[in-house]
Amino acid sequence: MNAGTGGGAGLKLRLTAIRYAARDTHLFEFAREDGGPLPPATPGSHIDLALPNGMVRQYSLVYAAAAPRSY
156 MNAGTGGGAG
166 LKLRLTAIRY
176 AARDTHLFEF
186 AREDGGPLPP
196 ATPGSHIDLA
206 LPNGMVRQYS
216 LVYAAAAPRS
226 Y
């Protein structure tokens, strides 16, 4: 799947984990397919995911680091 933070070319990401957070709420973890670091993001940032079926989904980022390995 391709992901973009609104300001540039998309990244190829892979879903690496799904965690239960609360009723009707799950945390999805995405990482680069090549294992490299992702662009930094601030808490409250969003990411757009372009799915293979053409749909685009937007998710809030809940973890921020200087050079994150996953969102």
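Under our numbering, the first residue of the sequence shown is numbered 156, with each subsequent residue one higher. Each residue gets a CB set at the ideal place from its N, CA and C atoms; glycine is no exception.
Quick one: what's got a C-beta closer than 8 Å to residue 223's C-beta in the same chain, skipping five residues either side? 192, 193, 195 and 196
Counted within 10 angstroms of its Cβ, other Cβ atoms place residue 186 as buried (16 or more) or exposed: Around the beta carbon of residue 186, a 10 Å sphere encloses 16 or more other beta carbons of the protein chains shown; the residue is thus reported as buried.
Beta-carbon proximity check, residue 174 vs residue 168, cutoff 8 Å: no
Kindly indicate which three-state DSSP category residue 212 falls into: helix, strand or coil? strand
Mind checking whether residue 171 and residue 225 have CB atoms under 8 Å apart? Yes.
State the DSSP-derived secondary structure class of residue 188, mapped to helix, strand or coil. coil
The beta strand (DSSP E) with residue 175 in it runs from where to where? Following the DSSP letters along the chain, one finds residue 175 inside the beta strand (DSSP E) bounded by residues 166-177.
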